[in-house]
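Encoded as structure tokens, the structure appears first; notes follow it.
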Amino acid sequence: TVRRKKSISIEEKIDIISAVESGKKKTDIAAKYGIKRNSLSSIMKNKEKVLEAFETLRFDPKRKRLRTAFYADLEEALMKWYRIAQCLNVPVNGPMLRLKANDFAQKLGHSDFKCSNGWLDRFKSRYGLVFRAQPVEAAAVSAPTLWYQNVLPYYLNDYQPKNVFYIQETGLLYQMLPHHTFAFKGETCSVGKQSKERITVVMGTNMDGSEKLPLLVIGKSKSPHSLKDVKSLPVDYEANDRACMTSGIFEQWMHKLDDRFQAQQRRVVNLVDSLPAHTEVKNLKSVKLVFFPPNSSSCIAVKER
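For the record, in the sequence shown the residue sitting at position 160 is 157 according to our numbering, with numbers rising by one throughout.
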């Protein structure tokens, strides 16, 4: 009799990958899950695909095959929107999902797309979506907690600490005076309006603290008068009317970092917060861009490891 090949769910594949990376014997792992050694090797070979599927919650963990859809970009956008809605405790039903699917189809140029009941059912099946009443507390913490517990550790294990970078941006009000100052007794002092002179500073450092990324400074003027005679700056400088990060600046800076690490023959992961200006960047060769879940400030301690 011909022995049928055993199917392994994505959830089991995650467990297998974890077991292998923890140093357990591959022979014992294969025996535990009833698979052959070459099947185990195949799972490890496709580790990135399995982790990506689990990371983005694109598939039900109980599913056994990573079948993708014809409108992959549309489904990816729709799932990101759905996850954000979950984190914000916004209830989503079938009509809302259909409306958003049609909206994304129009924006992505899929003029032939129609969100029929059949497509919606297949979409829900592919991604393991079940519409049901859910406690507010569970919806508020489930997605970020799941991500921090099951996805982030794989990135931390897959890269050396020196190649794991956390990137953060902050506003600097460089002409704003302190709220308190020394004064003679009985003297009154007036406080002016909050300074509107600001820049945005983007910083990045690696996990073991051995390396800092070059600072990215975003100002309002492309050619500040104070820097008229300055030939070069010790930072990367960009400008726009609001002195804020934009998706264009973010993408350009990521490609610059990618060139930097490619020249050093390094593979790095950049961990960034989920913000409107932080968008997916294509064609990165040495940099893996990973976004923290929205509304995950409660897990900030994990980022500061």
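C-beta: ideal position from N, C-alpha, C; glycine also. Predicted, not measured: the structure shown is a model, and the values here were computed from it.
query: E235 in three-state terms, based on DSSP; result: strand
query: Helix, strand or coil at V227 according to DSSP, with G and I counted as helix; result: coil
query: Y79 burial status per 10 Å Cβ neighbour count (16 or more: buried); result: buried
query: The segment 254 to 274 touching the segment 232 to 239, judged by at least three CB pairs closer than 8 angstroms; result: no
query: Where G115 sits in the DSSP three-state scheme; result: helix
query: Same chain, Cβ closer than 6 angstroms to I14, five either side skipped, listed in chain order; result: K44
query: Rounded separation between S218 and S244 - CA only; result: 18 angstroms
query: At least three beta-carbon pairs within less than 8 angstroms, the segment 263 to 272 to the segment 156 to 173; result: yes
query: Alpha-carbon spacing of P290 relative to E277, whole angstroms; result: 14 angstroms
query: Through-space distance from P150 to K10, alpha-carbon basis; result: 15 angstroms
query: Residue(s) in a DSSP beta bridge with L268; result: Y163, V287
query: Identity of the residues DSSP links to M200 by a beta bridge; result: Q165
query: Cβ-Cβ separation, V198 to V214 (assumed contact under 8 angstroms), whole Å; result: 6 angstroms
query: N203, buried or exposed, once every other Cβ within 10 Å from all chains shown has been counted against 16; result: buried
query: Sequence-distant residues of its chain with Cβ nearer than 6 angstroms to I40 (five each side left out); result: K10, I13
query: Reduced DSSP secondary structure (H/G/I, E/B, other) of K209; result: strand
query: Contact check, A98 vs V89, beta carbons under 7 angstroms; result: no
query: Distance between S283 and E208 (C-alpha atoms, nearest Å); result: 17 angstroms
query: Candidates D155, K279, E72, K225: closest to D118 by CA position; result: E72
query: In chain order, each beta strand (DSSP E) run of at least 3 residues that lies wholly inside the segment 70 to 97; result: none
query: Beta bridge counterpart(s) of I215 as assigned by DSSP; result: T197, E235
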